[in-house]
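In what follows, a structure is listed as structure tokens, so that the remarks can point back to it.
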Ligand SMILES: [Mn+2]
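Residue numbers (this note's numbering): -17 to 257.
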């Protein structure tokens, strides 16, 4: 059943990608997604996030904001969308570069980071450790692309990644797209007592859980402004950031089934079936 809902979703993402490369507006891309999924908007898992250029950096860009106008200069597309199947939600994100170059290379590096985070998911481990691994991986990417000119360990220690990825790496997926229970200590609903309340996932990884893994990098004015005013401004590659700002950002998200034999990437399995 999981496979079926993700296959549906991938047809939608493939159609959206095609629409982007042939010049469609954000709204037309959203409609191409729905047509391929054969789902009216209210049946989708959530309102599709479809952002061209700078809009790729807006975390919940959708609905009334969606642009009806075709962008003259096309740089990037971020699509984060989900079909449903038998009431269960899928939630996948892909980012596409309009042409080869630095941004396309960064997407490919983020893809490697994302798959490293996925492969590290192990039954019995703490989700929070996976989050920490993600922070180190992203710090490595930001250094490689000269955005943070510091060794990854120092960038994580100084908590600099939050200026470029201000969201969680994972959430549960089920009847709800952000399914509940990430901070639940037991079956009666007791919450995990922690001094890290901002994390959606603080549980131990268990077999048969389904969750997303969705690292991203964004160039968001309000965050960059506060970084520029911080004591860390001198280790930041501001020229590189200016160069990447017109692309908005990027995110790659897959849906993962945890098993005792390791993580199963349902999204990539389904993508392979279709391609
Ligand atoms: Mn998600």
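Glycine included, each C-beta is placed from N, C-alpha and C at the ideal position.
At least one heavy atom of ligand 1 lies less than 7 Å from the C-beta of residue 73. Pairwise C-beta distances place the region 106 to 119 out of contact with the region 24 to 36, as fewer than three of them are shorter than 8 Å. Three or more Cβ pairs drawn from the region 68 to 79 and the region 232 to 241 lie within less than 8 Å of each other, which places the two stretches in contact. At least one heavy atom of ligand 1 sits closer than 7 Å to the Cβ of residue 153. Nearest C-alpha to residue 51 among 127, 0, 144, 7: 7. If you draw a 10 Å sphere on the C-beta of residue 187, you find 16 or more other C-beta atoms in it, and that means buried. Taking 7 Å as the cut-off, the C-beta of residue 235 counts as close to a heavy atom of ligand 1.
Distance between residue 48 and residue 9, taken at the CA atoms: about 6 Å. Residue 146 carries a coil assignment under DSSP once its states are collapsed to helix, strand and coil.
By the CB criterion at 8 Å, residue 159 and residue 63 fall outside the cutoff. In this structure, ligand 1 has a non-hydrogen atom nearer than 7 Å to the beta-carbon of residue 194. For residue 229 and residue 155, the gap between their C-alpha atoms comes out near 28 Å. Residue pairing by DSSP puts residue 200 in a beta bridge opposite 231. Within 10 angstroms of the beta-carbon of residue 175 lie fewer than 16 other beta-carbons, which makes it exposed.
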